[in-house]
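One structure is given here, and the rest of the page talks about it.
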Amino acid sequence: MTSQIRRSAASIAANIAEGHGRENTGAFIQFLRIAQGSLKELETHLILSGRVGLVVEKEGGRLLNQTEEIGKMLRSMIRSLQQKS
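The sequence shown: position 4 = 11 (my numbering), numbered continuously.
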């Protein structure tokens with residue numbers, strides 16, 4: 008489970024970077040959407056980890072709050088890019 012959490016967390020940043028590197032707004036938006044999917048995967052792993060006792064409830068809640076904030080940032084960035092294109 009730990010490796011899955013690390014992989015999905017790294018995938019979020021990697022997809023944002025890859026999309027930005029494409030220097031094409033449409034491609035960037037697509038990679039931001041892929042990053043959103045990785046974020047949802049991370050949230051799922053965190054929830055499951057909490058249910059089986061691998062993550063302390065307080066820490067799990069803090070991490071889930073952070074994923075929610077990142078999700079808001081991704082949605083805002085996508086909306087902004089869509090309005091510009």
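We put the beta carbon where it would ideally sit given N, CA and C, even for glycine.
Keep in mind the model is a prediction, meaning the values are calculated, not measured.
Rounded straight-line distance, which links the Cα of residue j to that of residue i
{"i": "ILE12", "j": "SER92", "result": "34 Å"}
{"i": "ALA34", "j": "ILE41", "result": "11 Å"}
{"i": "LYS65", "j": "ARG14", "result": "22 Å"}
{"i": "GLU30", "j": "GLU76", "result": "25 Å"}
{"i": "ALA20", "j": "MET80", "result": "13 Å"}
{"i": "THR51", "j": "ASN72", "result": "13 Å"}
Cβ pair residue i, residue j closer than 7 Å
{"i": "ALA16", "j": "LEU49", "result": "yes"}
{"i": "GLY67", "j": "GLY78", "result": "no"}
{"i": "ILE85", "j": "ILE36", "result": "yes"}
{"i": "LEU70", "j": "LEU53", "result": "yes"}
{"i": "LEU88", "j": "MET8", "result": "no"}
Residue of the options minimising C-alpha distance to residue i
{"i": "ARG82", "options": "ASN31, THR9 and GLY44", "result": "GLY44"}
{"i": "THR74", "options": "LYS47, VAL59 and GLN90", "result": "LYS47"}
{"i": "GLN90", "options": "ASN72, THR32 and MET80", "result": "THR32"}
heavy atom of the ligand MN below 6 Å from residue i C-beta
{"i": "THR32", "result": "This structure simply doesn't include the ligand MN, nor any ligand for that matter."}
Where residue i falls, given that 16 or more other Cβ within 10 Å makes a residue buried
{"i": "VAL63", "result": "exposed"}
{"i": "GLY28", "result": "exposed"}
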